[in-house]
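Numbering (this note's numbering), first residue to last: 23 to 351.
Here a beta-carbon is modelled for each residue, glycine too, at the ideal position from N, C-alpha and C.
Remarks on the structure that follows.
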Amino acid sequence: MVLDGQSPDAVRQTARTLASGELAGVPTETVYGLAARADQDEAVARIFAAKGRPSDHPLIVHVLDEAGARVFAQDLPPVAHLLMEAFWPGPLTLIVRRVPGIAAAAAGGQDTVGLRCPSHPVFRALMAECRALGVEGLAAPSANRFGRVSPTTAAHVADEFDPGLTVLDGGPCEVGIESTIVDVSRGGLVLLRPGVLTPEQLEAAAGLPLHAPDAQAPRASGTLAAHYAPRATVRLMSTEALREALAGEHPAGLAVYSRTSFAGTRGSPVLLRAMPAQARAAARQLFAVLRELDAAGATQIWIESPPQEAAWDGVRDRLSRAAAAFAPR
Numbered sequence: 023m024v025l026d027g028q029s030p031d032a033v034r035q036t037a038r039t040l041a042s043g044e045l046a047g048v049p050t051e052t053v054y055g056l057a058a059r060a061d062q063d064e065a066v067a068r069i070f071a072a073k074g075r076p077s078d079h080p081l082i083v084h085v086l087d088e089a090g091a092r093v094f095a096q097d098l099p100p101v102a103h104l105l106m107e108a109f110w111p112g113p114l115t116l117i118v119r120r121v122p123g124i125a126a127a128a129a130g131g132q133d134t135v136g137l138r139c140p141s142h143p144v145f146r147a148l149m150a151e152c153r154a155l156g157v158e159g160l161a162a163p164s165a166n167r168f169g170r171v172s173p174t175t176a177a178h179v180a181d182e183f184d185p186g187l188t189v190l191d192g193g194p195c196e197v198g199i200e201s202t203i204v205d206v207s208r209g210g211l212v213l214l215r216p217g218v219l220t221p222e223q224l225e226a227a228a229g230l231p232l233h234a235p236d237a238q239a240p241r242a243s244g245t246l247a248a249h250y251a252p253r254a255t256v257r258l259m260s261t262e263a264l265r266e267a268l269a270g271e272h273p274a275g276l277a278v279y280s281r282t283s284f285a286g287t288r289g290s291p292v293l294l295r296a297m298p299a300q301a302r303a304a305a306r307q308l309f310a311v312l313r314e315l316d317a318a319g320a321t322q323i324w325i326e327s328p329p330q331e332a333a334w335d336g337v338r339d340r341l342s343r344a345a346a347a348f349a350p351r
């Protein structure tokens, strides 16, 4: 059941659904989320069941503001405040120490929790209505079956789940890939998942160097080796490797997603989609293109590797994990 996110009545109805412990598909600026109230473990369990997601793979708790964050955070260190001032509301998740006894299921049983404050106006209107009903945070992973392509429209969500699921339509997502995740729970600044925010932006705001995760880093959403995969087999290829492959015979049902134009391909017809030259534009359309190619009947998707530039880290991460789902084991 898709509801118009521009309707205050639809927003209130969705808030009541969530407050009652049921699930709803909700828009954010990154991707659509499958939401439940984060303070009720039995409600959060419905997310894991609906997605087929392992219960120890943590979810992100979405809040309206710092006051909402403090319901779940045992403390917010100075670096967290600096990053919140710079990037909240927006596509940044902060991993902080969790208040004991709350959101344990959403945290995957860890003593840390991921918190994000989305900027999407429909989500913020929904969160304000939830607050009025006593709900300060929504656990909301991407609204798709576990490991599959994330949704960036309400129609994508409706295609994934039972028709009875309430889906609040906020239009196409502006960012298009999931949030950057930074761990600030251990005194430093550790990047757990890249997004559209660059390391330089994060370091400039925090005044600290950004580190790679170590063995003690908390588990975080969307960081499994194989993730974000369409039904079609994904191959991530260098420009030259893709050029050479297209010059020879290639399989039926082949789709190509690339920044470079490849003329004169041989063999069976090829479904071509142009990847934008700018990283933000590529991120915005990435998941929608993968879903479109699946729907068009592609059996293989050959993708030109993104540039080795920081602005492309988030797109490269999602494509690498999508391709890893089909790597030989």
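Please list, in chain order, all residues of the same chain as phenylalanine 168 whose beta carbon is under 7 Å from its beta carbon, the five residues on each side excluded.
Lys73, Gly74 and Arg75
Do the region 42 to 50 and the region 160 to 178 make contact, defined as three or more Cβ pairs closer than 8 Å?
yes
Taking three-plus beta-carbon pairs below 8 Å as touching, is the region 256 to 263 in contact with the region 234 to 242?
no
List the whole-angstrom C-beta distance separating isoleucine 203 from arginine 340, where the pair is believed to meet the contact cut-off of C-beta under 8 Å.
Not confirmed; about 13 Å, so no contact.
Looking at the unbroken beta strand (DSSP E) that takes in glutamine 322, where does it start and where does it end?
322 to 326
Taking Cβ positions, are aspartate 181 and aspartate 26 nearer each other than 8 Å?
no
Distance check for valine 179 and proline 185, CA to CA, integer angstroms please.
10 Å
Among Val292, Asp205 and Ala299, which one has its Cα closest to the Cα of leucine 315?
Val292
Going along the chain, which unbroken runs of the beta strand (DSSP E) with 3 or more residues stay wholly within the region 207 to 289?
212 to 215, 255 to 259 and 276 to 280
Check whether the region 228 to 237 and the region 292 to 310 are in contact - that is, three or more C-beta pairs closer than 8 Å.
no
Look at the alpha carbon of aspartate 205 and the alpha carbon of alanine 301, and state the distance between them as a whole number of angstroms.
24 Å
Rounded to a whole number of angstroms, what is the C-alpha to C-alpha distance between arginine 351 and proline 100?
With a pLDDT of 43 at arginine 351, under the threshold of 50, the modelled position of that residue is not reliable, and no figure is offered here.
Take the Cβ of alanine 154 as the centre, count every other Cβ of all protein chains shown within 10 Å, and call the residue buried at 16 or more, exposed below.
exposed
For chain C, check one thing: does any of its Cβ atoms lie closer than 8 Å to the Cβ of alanine 242?
Included in the structure is just one protein chain, with no chain C present.
Which same chain residues end up closer than 7 Å to alanine 345 when comparing Cβ atoms and leaving out the 5 residues on each side of it in sequence?
Val256, Arg257 and Leu258
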